[in-house]
Amino acid sequence: MTNLDTAQGTMSVSDEVAIQIIGMHKWYGDFHVLKDIDMTVYRGERIVICGPSGSGKSTLIRCINRLEEHQQGQIIVDDIELTSDLKGIDAIRREVGMVFQHFNLFPHLTILENLTLAPIWVRKVPKDEAEETAMHYLERVKIPEQADKYPGQLSGGQQQRVAIARSLCMNPRIMLFDEPTSALDPEMISEVLDVMVGLAETGMTMLCVTHEMGFARKVANRVIFMDEGQIVEQNEPEEFFNNPKSERTQLFLSQILSH
Amino acid sequence: MTDLSYVRKESHPDLPPPKSEVGVIAWLRQNLFSNWVNTLLTAAALYLLYKAVPPLFNWMFWEADWSGKTYQDCTSDGACWAMVRVRFDQFMYGFYPVDERWRINLGFLLLLGTGIPLLIEGVPFKKYLAIFVFLIYPFIAFMLFYGGMGLTVVETNEWGGLMLTLVLATVTIIVSLPLGVVFALGRRSNMPVVRIICVAFIELWRGVPLITVLFMGSVMLPLFLPPGTHFDKILRTLIVMAFFAAAYMAEVVRGGLQAIPKGQFEAAQAMGLSYWKMMGLIILPQALKIVIPGIVNTFIGLFKDTTLVLVIGLLDFLSIIQSATTHKNWLGTATEGYVFAACIYWIFCFGMSRYSITLERRLDTTHRD
Ligand SMILES: Nc1ncnc2c1ncn2[C@@H]1O[C@H](COP(=O)(O)OP(=O)(O)OP(=O)(O)O)[C@@H](O)[C@H]1O
Ligand SMILES: [Mg+2]
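Just so you know, the sequences run in chain order A and B.
Numbering-wise, the working numbering puts 97 at position 97 of the first sequence, and it's gapless, one number per residue.
Count along the second sequence from 1, add 259, and you get the number used in the working numbering.
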């Protein structure tokens, strides 16, 4: 693993607000998934969100780039409020990258084409420039030699690194991760986490749903615990893990640390 | 207690496979004579082939008559191919004026010359070829086949034979695919009005036999048009058949769209792709690839369904052959006529089928090294 002691030291948090969520509620039909979410994310923060299955972690981060629609309250990303206005949604999606549990690479395109598609078609970057950027990020995730292969020929860990590189090619200001390592075989988890640690060191604002507590301790400046659609507790990682305040957090931590 | 620990000292070498696994003998044994049921089936199949193939070849080739002016000139036991020879030009061009037939040849050669390279992998300038074939060629073909720009007009009631069949099939095939895609997308739209219109269109056309819509197009439609408007019969047939095929195509494409995982849509949206870019760049290329067999199946069905235009009095390839075999000079050559028609239809359909398999292989990105 990357040297984590140094990781946190070099990362600074500004007082500029990147994401602000105020009194946000969401329902699926009559099921109240997210309840009164208030949250401010400052630029440069690395936030880890954890909680039991079904607690609404994915739903929360998917609301931030409008893959899910909230029904009440406000979400403001980069000073743009998310409403049904399509222009605002497009603007936010250009600034917010997302990495999924199941990678979601485009299987009919080569790795290089996966990386250049959005820059070319959304940002209107010329093709050769987009390819240059793509190769740069592939080198950063340490698989430039796979550029001409198809996603189906890569291992899970490699695919997830490509997915991260693909998001970075859009030059986002905020990155969302939804359990990026939970579909991977154990020996591939660390190669993906390494890339994420490296990304954190560049000062990227990151929101990461994960149960990798080692990663949270090393990289996060804040850990948020969710249960039943609410934010139950949040704290700095050391305090959060060593001294959880709420009973639900204690129970959750004892469950995930016991195996 | 025994000692359970074990450590391999050296690795086992790779050995060639046993003799029974390779070679012709092994193949025969495995595939034709693996057990007594299989052996029996092999023997039965060989016997049937022995009984059926030689007589067929005798009839079709060795004992066939190749020339003559009427059926009476065919004196042997075999097929009377003289009929096909005498009527061949009519089978190809219908009643298209003899002096103008070069226009049809030129039209189809042009399509072959530009269309076939479009289907082959690695041909350069495909973009320009595609623009030509889909945007410019239709006008050239219309001008060549129908007339105008200095060429004498050949009314569509003189069109017929294989030429008519190919015009009907090509136009409906080329129009029905994009139209089907549009209706498939519409059927999955979030906008209720669009969705309802598309569902209604698809279910309406799919629920009615082709013969019925052909009749309606040719007999009933003119009744609703203001008197005096001339609306070409073949054009009406083309529209009706393209809509009919589009309804089927829409359902085939919808199957493909449903097979695309939600994550593909989400990844595309999360990158900021608009709806049309997401569909055009990510979803449709994958969905259409999945349903190539279904698309080609629809194309083949469509190609053969062009024979139904006989009910509205168009002389397509099959009906012009039928009419030749009922001519007094050639009474008794029905079998030859149908065999000839079957061979030609089969060649086209088999060609489409083979091409679809090649295409599937070429587009397969899952197991390629
Ligand atoms: N599209 C949907 N329609 C209806 N209910 C949904 C939908 N998506 C999620 N849910 C429900 O919303 C709740 C929260 O789901 P969510 O995926 O956000 O949980 P999660 O915290 O990410 O869980 P996990 O750790 O299993 O990924 C769950 O109870 C889930 O069943
Ligand atoms: Mg989840």
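Glycine is no exception: its CB is placed at the ideal position from the N, C-alpha and C atoms.
Given the structure is predicted, the values throughout are model-derived calculations rather than measurements.
Could you spell out the range, first to last residue, of the beta strand (DSSP E) harbouring residue i?
i	result
A/E233	230-235
A/Q32	Reading off the sequence, residue 32 of chain A comes out as His, not Gln. Start and end: 31-42.
A/T205	205-209
Which bits of chain B does residue i rub up against, with CB to CB less than 9 angstroms?
i	result
A/R93	Q528, A529, M530, G531, L532
A/V122	M530, G531, L532, S533, K536
A/T170	Sequence inspection shows Met at residue 170 of chain A; the Thr mentioned does not correspond to that position. What A/M170 touches in chain B: M530, G531.
Can you give me the C-alpha to C-alpha distance between residue i and residue j, rounded to a whole angstrom?
i	j	result
B/L388	A/V141	39 angstroms
A/H25	A/N242	31 angstroms
A/A216	A/C50	10 angstroms
B/A400	B/I498	17 angstroms
A/G152	A/D194	22 angstroms
B/F474	B/T301	49 angstroms
B/F292	B/T617	32 angstroms
A/H32	A/E233	19 angstroms
A/E247	A/L253	10 angstroms
A/A147	A/I256	37 angstroms
B/L567	B/G374	27 angstroms
B/D332	B/S326	8 angstroms
B/Q545	A/F106	9 angstroms
B/G420	B/S578	8 angstroms
B/G560	B/F350	21 angstroms
A/L4	B/V550	The predicted position of A/L4 is uncertain, since its pLDDT is 44 and thus under 50; a value taken from the coordinates is nonetheless stated next. Each residue's Cα considered, the two are about 49 angstroms apart.
A/V41	A/T116	29 angstroms
A/I111	B/T625	13 angstroms
B/L547	B/G515	6 angstroms
B/M500	B/G366	22 angstroms
A/N114	A/V99	13 angstroms
B/I493	B/G487	17 angstroms
What residues from chain A crowd round residue i, counting only those whose CB sits closer than 9 angstroms?
i	result
B/E525	R62, L67, M98, F100, N104
B/I541	F106, H108, L109, L117
B/G553	Result: empty, since nearest Cβ-Cβ is about 18 angstroms, beyond 9 angstroms.
B/K386	None at all; the shortest Cβ gap to chain A is about 14 angstroms.
B/Q545	F106, P107, H108
Whose Cβ in chain E lies nearer than 8 angstroms to the Cβ of residue i?
i	result
B/T625	The displayed structure is made up of protein chains A and B, and chain E is not among them.
Got a sec, what are the start and stop residues for the alpha helix (DSSP H) residue i sits in?
i	result
A/K245	No alpha helix (DSSP H) contains A/K245, which DSSP labels as neither H nor E.
B/D273	Counting along the chain, B/D273 falls outside any alpha helix (DSSP H), and DSSP gives it neither H nor E.
A/V48	Unbroken run through A/V48 is the beta strand (DSSP E), 46-50; no alpha helix (DSSP H).
B/A400	396-405
A/C63	57-64
B/V550	Taken as a continuous stretch (DSSP letters only), B/V550 belongs to no alpha helix (DSSP H), as it is neither H nor E.
B/S293	Premise fails: B/S293 is in no alpha helix (DSSP H) and is neither H nor E.
B/G439	420-446
B/Y387	385-390
Can you look up residue i in the DSSP assignment and give me helix, strand or coil?
i	result
B/G529	First, the residue type needs correcting, since residue 529 of chain B is Ala and not Gly in the sequence shown. B/A529: helix per DSSP, three-state reduction.
B/Y265	coil
A/Y150	coil
A/R222	strand
B/R362	helix
A/Q20	strand
B/T625	coil
B/K328	coil
A/M98	strand
B/I519	coil
B/G466	coil
B/S615	helix
A/E69	coil
B/V570	helix
B/Y597	helix
A/D78	coil
A/W27	strand
A/M1	Summary for A/M1: the model assigns pLDDT 38, below 50, so the residue's position carries little reliability; its value from the coordinates is reported in the next sentence. Residue state, collapsed to three classes: coil.
B/C457	helix
A/A7	Caution is warranted here: a pLDDT of 48 is assigned to A/A7, below 50, making its placement in the model unreliable, and the coordinate value is therefore given only provisionally. It is helical.
A/D90	helix
B/D348	helix
B/L484	coil
B/L410	strand
A/Q255	helix
B/C602	helix
In chain B, which residues lie with their C-beta within 7 angstroms of the C-beta of residue i?
i	result
A/D90	G531
Taking Cβ-Cβ distances shorter than 7 angstroms, what residues in chain A pair up with residue i?
i	result
B/G522	F100, H102, N104
Taking residue i as the query, report the chain A residues whose CB atoms sit under 8 angstroms from its CB, ordered along the chain.
i	result
B/P517	A small fix is needed here, since residue 517 of chain B is Gln in this sequence, not Pro. Near B/Q517 there are no residues of chain A at all, since even the closest Cβ is about 16 angstroms away, more than 8 angstroms.
B/K548	H108
Just list the alpha helix (DSSP H) runs in the region 120-200 of chain A, keeping only unbroken ones of 4 residues or longer that don't cross its boundaries, in chain order. 127-140, 156-168
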